[in-house]
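Residue numbers (the numbering used here): 652 to 903. Even glycine gets a Cβ: it sits at the ideal position worked out from N, Cα and C.
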């Protein structure tokens, strides 16, 4: 009796693991398939691709926000080096040179801490947490009275840009099927470029402080949208939350 129960439990666990690693929903066909290459025959229909596309699109809101931080200095530097009437900030050439440097200098620090943050929090929560430095940075830009405000904001955007590396890349790798992974991963670069472009566009329409305030709305939308996508089943299993991961693999 105990042997039969042990075999049944082992078969259930193996079926569940097949579902997670093959990115297929739990169904009778998957569980009855003998171990081997056959259970890696992915379903390549729109119904299974759509949830992955939506999840990656939500993640891309975070990447879009990072692209905005890269494009923002291009409208900030002219505004503070040759200020118009009413602008209280006026920076010299040395101070301006730091504006274009601090962000990228700090990114490696964020990358070094990225894995440390991602592991305990999970992919989704880590992506949400990264938005906090972005929000603080945009507020610092908006209320800037001295160069120190700008430097602090740029430090935070660079730190956040590095921190998002691990959760973003890992999440995409863990929730997408192999035949979609390459194309969906490539959308990250497109969103960075799109984020830079939005700053050029906003800079022609609004004052740089107003642009900083508008950018906060994109970050807030990203935080809210991340609540509606699932956590990575791989991370859930690594935290012994098999029941939660099992629910994600059940067919709709």
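Item: Residue 933 - containing alpha helix (DSSP H), residue span; Value: This structure cannot settle anything about residue 933, because the visible part of the chain is limited to 652 through 903.
Item: Start and end residues, alpha helix (DSSP H) containing residue 746; Value: 744-750
Item: Beta-carbon gap between residue 823 and residue 836 smaller than 7 Å; Value: yes
Item: Host alpha helix (DSSP H) of residue 710 (start-end); Value: 697-732
Item: Residue from 887, 859 and 838 with nearest C-alpha to residue 709; Value: 838
Item: Length of the line joining the Cα atoms of residue 715 and residue 812; Value: 11 Å
Item: Proximity of residue 797 and residue 754 at Cβ, strictly below 7 Å; Value: no
Item: Buried/exposed call for residue 794, threshold 16 Cβ in 10 Å; Value: exposed
Item: Residue 689, buried or exposed, once every other Cβ within 10 Å from all chains shown has been counted against 16; Value: Residue confidence for residue 689 is low, a pLDDT of 45 falling below 50, so the modelled location carries little weight; the figure read from the coordinates is stated next. So residue 689 ends up on the exposed side.
Item: DSSP three-state assignment for residue 898, whether helix, strand or coil; Value: helix
Item: Collapsed DSSP secondary structure at residue 882 in the structure displayed; Value: coil
Item: Buried versus exposed, by CB contacts within 10 Å (16 or more), residue 767; Value: exposed
Item: Inter-residue Cα distance where the pair is residue 885 and residue 856; Value: 44 Å
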